[in-house]
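*Asks:* First to last, the protein sequences are chains A and B. If you're matching positions, the first sequence starts at 801 in this note's numbering and goes up one per residue. If you're matching positions, the second sequence starts at 820 in this note's numbering and goes up one per residue. Built from N, CA and C at the ideal position, the CB exists for glycine as well. This is the structure I want to talk about, given as C-alpha cells.
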Amino acid sequence: MSKTRSNRTNLTSRRTVLKSLLAGSVVAPFAGRSLVAQEVFSEGVSDNQIVLGTSAAFSGPTRGLGIELYRGSTAYFTHVNEGGGLFGREIRQQLYDDSYQPDPAVTNTTQLMVEDDVFALFGYVGTPTVTRVLPLLKKFQDRKFMLMFPFTGAQPQREFPYGDFAFNLRASYRQETGGLVDNFVEIGRERIGVFYQADAYGRSGWAGVRAALSKYNLNMVGEATYRRGTKFTANLREQVEILKTSQPQAVICIGAYAACAAFLRDAVDGGLQVPIANLSFVGSENLLKLIEDSQENSEDYTKHLVNSQVVPSYTDDTLPGVIEYNEFMSRYNPAVPEKFDDDQYTTFDRSFVSLEGFLNAKLMTEILRRVGANPRRLDLEEAVFSIKDFDLGIGEPVSFDTNRRQGLDRVYYTVVEDGVFVPLRNWKGTFS
Amino acid sequence: MKITKLFQRTVFGIIALFGLIGISTSVLSINAVDSHLSYEYQANSEGHARTIADASVDIILNRDLSSLQSLIDQFLKIQGIEYIYITNENGEFLAHTFVPGIPQSILDSDVSNTETVQRTIRGMGDFVEVASPILAGVAGTVHIGMDLESVSMKIQAAIGAQVYLIASVFLIGIFAAIWFVNFASKPIEQLQTYAVGLAKKESDDGNFAKLLERKDEAGDLARLFQYFSTVSDPEKLGKESDQPESSN
Chain A
801 MSKTRSNRTN
811 LTSRRTVLKS
821 LLAGSVVAPF
831 AGRSLVAQEV
841 FSEGVSDNQI
851 VLGTSAAFSG
861 PTRGLGIELY
871 RGSTAYFTHV
881 NEGGGLFGRE
891 IRQQLYDDSY
901 QPDPAVTNTT
911 QLMVEDDVFA
921 LFGYVGTPTV
931 TRVLPLLKKF
941 QDRKFMLMFP
951 FTGAQPQREF
961 PYGDFAFNLR
971 ASYRQETGGL
981 VDNFVEIGRE
991 RIGVFYQADA
1001 YGRSGWAGVR
1011 AALSKYNLNM
1021 VGEATYRRGT
1031 KFTANLREQV
1041 EILKTSQPQA
1051 VICIGAYAAC
1061 AAFLRDAVDG
1071 GLQVPIANLS
1081 FVGSENLLKL
1091 IEDSQENSED
1101 YTKHLVNSQV
1111 VPSYTDDTLP
1121 GVIEYNEFMS
1131 RYNPAVPEKF
1141 DDDQYTTFDR
1151 SFVSLEGFLN
1161 AKLMTEILRR
1171 VGANPRRLDL
1181 EEAVFSIKDF
1191 DLGIGEPVSF
1201 DTNRRQGLDR
1211 VYYTVVEDGV
1221 FVPLRNWKGT
1231 FS
Chain B
820 MKITKLFQRT
830 VFGIIALFGL
840 IGISTSVLSI
850 NAVDSHLSYE
860 YQANSEGHAR
870 TIADASVDII
880 LNRDLSSLQS
890 LIDQFLKIQG
900 IEYIYITNEN
910 GEFLAHTFVP
920 GIPQSILDSD
930 VSNTETVQRT
940 IRGMGDFVEV
950 ASPILAGVAG
960 TVHIGMDLES
970 VSMKIQAAIG
980 AQVYLIASVF
990 LIGIFAAIWF
1000 VNFASKPIEQ
1010 LQTYAVGLAK
1020 KESDDGNFAK
1030 LLERKDEAGD
1040 LARLFQYFST
1050 VSDPEKLGKE
1060 SDQPESSN
C-alpha cells in the first residue's frame, strides 16, 4: 500500500517537474527567481514554496475587488515570506483573471487544479464565479482540493452539496441582509425595496432580504435589476423609477461598486432620497471614489449611504489586527499584479476589501502552519478544524469544526463621514 | 436572342410551367420549413423548461435560490431564449432574468398557466412563452420566453436558402429552355429563308446544301420545296426532272 503511494508520488513529482520545464506553468508567476524551473512540486508544494491558486476579477468593472483583496493578502504573505516563510517555504499565489465572469472562472480553476496542481484555492471573488466553480471541487474530491475564504457571502459554498469543499471566514449575505433589515425595521423603515445584480449574487442577497422581511411578516415593496458588468457611466434611471413607484423607505443594493454608485447617483438625482444600503461585496471605497470623482457635492449623495461590512473599520486603532494591517499595508504597499497592471487602476491605501484579504491571509497562514512541515491536501481540513478561538486581532475569536465552516458571524455597519466610511453608531439618529 | 414566332408560345408556356412549379414548390417548402422549425424551436424550449423544472426541485426544496438563478442564467445563453422565470406554487417569483425588472404584463398574467402563449412585452418585443410545472405544479412553474424575432430570423434564413435554390433552378431552366427552343427553331428559319428565296427565284441551292442534306423534317421540307420549285419552273424541269425521286 505504502509502496503504491510512494510510486504515485514519484510519478506525480516527475510529471510536475516535466510540466514545469515544458510549459513553465509554475515559473510564470515567480519570474525573477533563479532555478525555479528545477523545483519539484507535489500538490502545489516544493521545498521552497507553497502555491495557492487564485481566480479573481483583475480586469473589467469589478476589478477593484480582485485587486484590493489580493493586495491585502499579499501584505500579510509578504510579511511571512520576509520572515523566512513557513517551514522554509514561501507562500505564493498563482493568479488568473476571470473578469468576474463564470466561464473564465471555471477554465481558470480547471487549470489550477489539473495543470498547475496548486495546494488549495484561495482568494476567489464573487458569487456567480464561485457558484460555477464548486462542482469542480466535487469532481476532483479525491484530490482533496479546498476553496479557502472566497470573497462572497453566498450560500452555495456554505451548504449541501458543496459546503464540505469550502471554508469561509466572512459572514454570509443572509447575515448582512438580515442585519440591515432588522435595523431598518427597528427605526420604522419597513417598506424596503431591492436593487440587485441579475445573477446568482443578486439572487442570494435578494433571498436574504426576503427571508429577513418574512420574520416580520413583510414583503419587499419593489425590486429592480441590472446586468453584471454595468459601468458607472450607465444610465440606471429606469431602475430608479421602478423602485420609486413602490415608495420604499429604504433600498438595499446587492451589487458591485460601479453599478451601485451609478444607482446612488441616479436615485438621488431622481428624487429617491431614502437610505441606500450596500453589502460588503460592493467595495465601499471604490464606490465612494466614483461618487466623489464625478459629483461636485458628493455629500448630497453619500449622506444616504449605509454599507454593511464583514470586517471592522480599518480606522479602528483599538484593534491589534487592524493596527497590524495598517502597518503592513504601509510597509509593503502591495502593487497591482504586474501581469494585470494596465496603469488604469489606482489602488487604495486602505479598504475594507484589502483588510478582508489581509485577515484571510493571516488565517490561511495559521492553517498552513498547522498542516505542518510536510503539507498534504489531505491534512488541510483537519488543520482548519483545529482552529479554536483563534485571535485574528479584531475582537472576534475564530473557530471551526465539522458543523461550522464559517469563521466569523459579525456584521458591521458604516456610513460616510468626511469622505471616509466610519462605523454607524446610531441608526435612529442618522436615518430617522 | 431571336425566337421564332412559332416557338414564342412554347417558350412562354415553359416559363409559365417552370414558374408554377417554382412558386408551388417554394410555397410548400416555406410552409414545411416554417412549421417544422417553429415546432422544433418550441419543442426545444419545452425541453429546456422541463429540464429546468426537473433540476429545480432539489434546489427549491433544499438549497439557496442563488443556485436556481445560476441554473437559469446558464440556459439564457441558448440562442433564441430571451427570458426565464420561475415562480413558486403561490405565484411568487423565485428567480428571473429580467432587467431592469419583471414586466408588468408578466406580473399581471396567470403564472401557474403551463399552456404555450404568445406575448408582447413593452420595450422587449414579441415572444412565445412555454412553461413546465415543477413537481407537477405543487412546487411552482418554469417559464421560458423565446424571442419571436430571433426565431423568425432563423426560419427566414432557412426559407431564404430554399427559395434561393428554387429560384436558381428556375432561372437555369428558363435559359436552357430558350436555348433548346432556339436550337430547334434554327432549321425552320433557314427553311423559311430558303422557301422565300425559291419563291423569288433568288435562292442558290449551294448556300442551303446543309439544309437540303438534313435527314429530318426540315430537310424533307426543303427538298420538297426544291421539287415544287423545279416542277413549277419549265427551265429547270428538263435538267432536274429526276431529283425528287432520288431524294427518297
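In chain order, what are the residue ranges of uninterrupted beta strand (DSSP E) at least 3 long that sit wholly in the stretch 863-944 of chain A?
*Replies:* Within the stretch 863-944 of chain A, the complete beta strand (DSSP E) runs of at least 3 residues are 890-897 and 920-922.
*Asks:* Less than 7 Å between CB atoms is the rule here; does E1038/A satisfy it with respect to chain B?
*Replies:* The sequence position of residue 1038/A within the first sequence is 238, counting from 1. Taking Cβ atoms only, chain B reaches closer than 7 Å to E1038/A, which makes this a yes.
*Asks:* For chain A, find out if any of its Cβ atoms is closer than 7 Å to the Cβ of S885/B; answer yes or no.
*Replies:* For the purposes of this step, residue 885/B is identified with residue 66 of the second sequence, where counting begins at 1. Chain A, which has a Cβ nearer than 7 Å to the Cβ of S885/B, makes this yes.
*Asks:* Give the secondary structure of R869/B by DSSP, where H, G and I count as helix, E and B as strand, and everything else as coil.
*Replies:* Counting from 1 along the second sequence, the entry for residue 869/B is found at position 50. Helix.
*Asks:* Rounded to whole angstroms, what is the Cα-Cα separation between V1184/A and V1074/A?
*Replies:* The residue labelled residue 1184/A in the question sits at position 384 within the first sequence. The residue labelled residue 1074/A in the question sits at position 274 within the first sequence. Going by the C-alpha atoms only, they are around 43 Å apart.
*Asks:* Grab me the residues of D1179/A's own chain with a C-beta within less than 6 Å of its C-beta, minus the 5 sequence neighbours each way, in chain order.
*Replies:* To locate residue 1179/A, count along the first sequence from 1; it is residue 379. Once the five neighbours on either side are set aside, the close Cβ partners of D1179/A are V1171.
*Asks:* Smallest Cα separation from A1161/A: which of V880/A, I992/A and E1096/A?
*Replies:* Counted from its first residue, the first sequence places residue 1161/A at position 361. Ranking V880/A, I992/A and E1096/A by Cα distance to A1161/A puts V880/A first.
*Asks:* Out of Q1095/A, M1020/A and D1143/A, which one is the CA nearest neighbour of Q1049/A?
*Replies:* Residue mapping note: residue 1049/A aligns to position 249 of the first sequence, counting from 1. Answer by Cα proximity: M1020/A.
*Asks:* Mind listing which residues of the stretch 991-1015 of chain A have their C-beta closer than 8 Å to chain B's C-betas, in chain order?
*Replies:* Those would be A998, D999, A1000, Y1001, G1002, R1003, S1004, W1006 and A1007, in chain order.
*Asks:* Applying the 10 Å Cβ sphere with the 16-neighbour rule, what's the burial state of Q955/A?
*Replies:* What you label residue 955/A is simply residue 155 of the first sequence in a count that begins at 1. So Q955/A counts as buried.
*Asks:* Are there three or more Cβ pairs, one per stretch, closer than 8 Å when the stretch 881-890 of chain B is compared with the stretch 913-924 of chain B?
*Replies:* Contact holds: three or more Cβ-Cβ distances are below 8 Å.
*Asks:* Please report how far the alpha carbon of V988/B lies from the alpha carbon of D873/B, in whole angstroms.
*Replies:* Residue mapping note: residue 988/B aligns to position 169 of the second sequence, counting from 1. Residue mapping note: residue 873/B aligns to position 54 of the second sequence, counting from 1. Near 48 Å, if we compare the C-alpha coordinates of D873/B and V988/B.
*Asks:* Bridge partners of N1078/A, per DSSP?
*Replies:* Taking the first residue of the first sequence as 1, we reach residue 1078/A at position 278. N1078/A pairs with C1053/A and N1107/A.
*Asks:* Quick check: what's the CA-CA separation for V827/A versus K944/A?
*Replies:* Residue 827/A sits at position 27 when you count from the first residue of the first sequence. Residue 944/A sits at position 144 when you count from the first residue of the first sequence. Because V827/A carries a pLDDT of 39, less than 50, the predicted location of this residue cannot be relied on, and the following value inherits that uncertainty. The alpha-carbon atoms of V827/A and K944/A are separated by roughly 24 Å.
*Asks:* Going by DSSP, name the residue or residues bridged to G944/B.
*Replies:* Position 125 of the second sequence holds residue 944/B. Looking at the DSSP assignment, G944/B forms a beta bridge with I940/B.
*Asks:* In the structure shown, what three-state DSSP assignment does F1032/A receive?
*Replies:* Walking along the first sequence from the start, residue 1032/A turns up at place 232. If DSSP states are grouped into helix, strand and coil, F1032/A belongs with coil.
*Asks:* Please go through the same chain and pick out, in chain order, the residues whose beta-carbon is closer than 6 Å to the beta-carbon of G1008/A, but skip the five residues on each side of it.
*Replies:* Start at 1 with the first residue of the first sequence, and residue 1008/A comes out as number 208. Within the same chain, G1008/A has close Cβ partners Y973, R974 and T977.
*Asks:* My output table needs one value for A823/A: the three-state DSSP class, helix, strand or coil.
*Replies:* The residue you call residue 823/A lines up with position 23 of the first sequence. Since pLDDT at A823/A reaches only 42, below the 50 mark, its modelled position is unreliable, and the value read off the structure follows with that caveat. Three-state DSSP puts A823/A in a helix.
*Asks:* What does F946/B reach in chain A if we use C-beta pairs closer than 8 Å?
*Replies:* For this step, residue 946/B is matched to residue 127 along the second sequence. Those do not exist, as F946/B stays about 18 Å from chain A at its closest Cβ, beyond 8 Å.
*Asks:* Please name the residue in F1047/B, D1023/B, V1050/B and I900/B whose C-alpha comes closest to that of A862/B.
*Replies:* The count along the second sequence starts at 1 and reaches residue 862/B at position 43. Closest by alpha carbon: I900/B.
*Asks:* Any C-beta of chain A sitting closer than 7 Å to the C-beta of Q898/B?
*Replies:* As a working mapping, residue 898/B is identified with position 79 in the second sequence. So no, Q898/B is outside the interface.
*Asks:* Can you give me the Cβ contacts of F965/A inside the same chain, cut-off strictly under 8 Å, excluding the 5 residues immediately before and after it?
*Replies:* Working through the first sequence from its first residue, we reach residue 965/A at position 165. Contacts found: L934, L937, K938, Q941, F945, M946, L947 and Q957.
*Asks:* On the DSSP bridge list, what partners appear for Y1026/A?
*Replies:* Position 226 of the first sequence, counted from the start, is the residue given in the question as residue 1026/A. DSSP, once it has assigned bridges, lists Q997/A as partnering Y1026/A.
*Asks:* Can you tell me whether H855/B is buried or exposed, with buried defined as 16 or more other CB within 10 angstroms of its CB?
*Replies:* Locating residue 855/B in the second sequence gives position 36, where the first residue counts as 1. H855/B should be labelled exposed.
*Asks:* Output yes if chain B places a C-beta closer than 7 Å to the C-beta of D1218/A; else output no.
*Replies:* The residue given as residue 1218/A occupies position 418 in the first sequence. Not one chain B Cβ lies under 7 Å of D1218/A.
*Asks:* Along chain B, in chain order, which residues have C-beta atoms closer than 7 Å to that of E890/A?
*Replies:* Here residue 890/A is taken as the residue at index 90 of the first sequence, counted from 1. What E890/A touches in chain B: nothing, since even the nearest Cβ is about 36 Å away.
*Asks:* Is the CB of I1076/A under 7 Å away from at least one CB in chain B?
*Replies:* Taking the first sequence and counting its residues from 1, one reaches residue 1076/A at position 276. No, I1076/A does not count as interfacial toward chain B.
*Asks:* If we count the other Cβ atoms within 10 Å of its Cβ and call it buried at 16 or more, is W998/B buried or exposed?
*Replies:* Here the question's residue 998/B lines up with position 179 in the second sequence. Burial call: exposed.
*Asks:* Going by DSSP, which residues form a beta bridge with P1197/A?
*Replies:* What you label residue 1197/A is simply residue 397 of the first sequence in a count that begins at 1. P1197/A pairs with D1191/A.
*Asks:* I need the DSSP call for G832/A, collapsed to helix, strand or coil.
*Replies:* Stepping through the first sequence from its first residue, residue 832/A is reached at position 32. Any reading at G832/A must be qualified, since the residue scores a pLDDT of 40, below 50, and its modelled position is unreliable; the value itself is stated next. G832/A falls in the coil class under three-state DSSP.
*Asks:* Checking contacts by CB at 7 Å: is Q911/A closer than that to chain B?
*Replies:* Counting from one through the first sequence, the residue named residue 911/A turns up at place 111. No, no contact with chain B.
*Asks:* So A1161/A contacts chain B; which residues on that side make the cut at Cβ distance below 7 Å?
*Replies:* To locate residue 1161/A, count along the first sequence from 1; it is residue 361. Chain B residues near A1161/A: none, gap ~26 Å exceeds 7 Å.
*Asks:* With H, G and I counted as helix, E and B as strand and the rest as coil, what does DSSP make of I980/B?
*Replies:* The residue labelled residue 980/B in the question sits at position 161 within the second sequence. First, the residue type needs correcting, since residue 980/B is Ala and not Ile in the sequence shown. Three-state DSSP puts A980/B in a helix.
*Asks:* Anything in chain B within Cβ reach of D1042/A, meaning under 7 Å, just list it in chain order.
*Replies:* As a working mapping, residue 1042/A is identified with position 242 in the first sequence. This sequence places Ile at residue 1042/A; Asp is not what is there. Neighbours of I1042/A on chain B, chain order: P919 and G920.
*Asks:* Where in the stretch 1081-1165 of chain A do unbroken runs of the beta strand (DSSP E), each at least 3 residues long, occur, reported from the N-terminal end onward?
*Replies:* Here the runs fully enclosed are 1105-1109.
*Asks:* Do you know whose CA, among I1042/A, E1138/A and G872/A, lies nearest V918/B's CA?
*Replies:* Working through the second sequence from its first residue, we reach residue 918/B at position 99. Taking only the C-alpha atoms, the option nearest V918/B is I1042/A.
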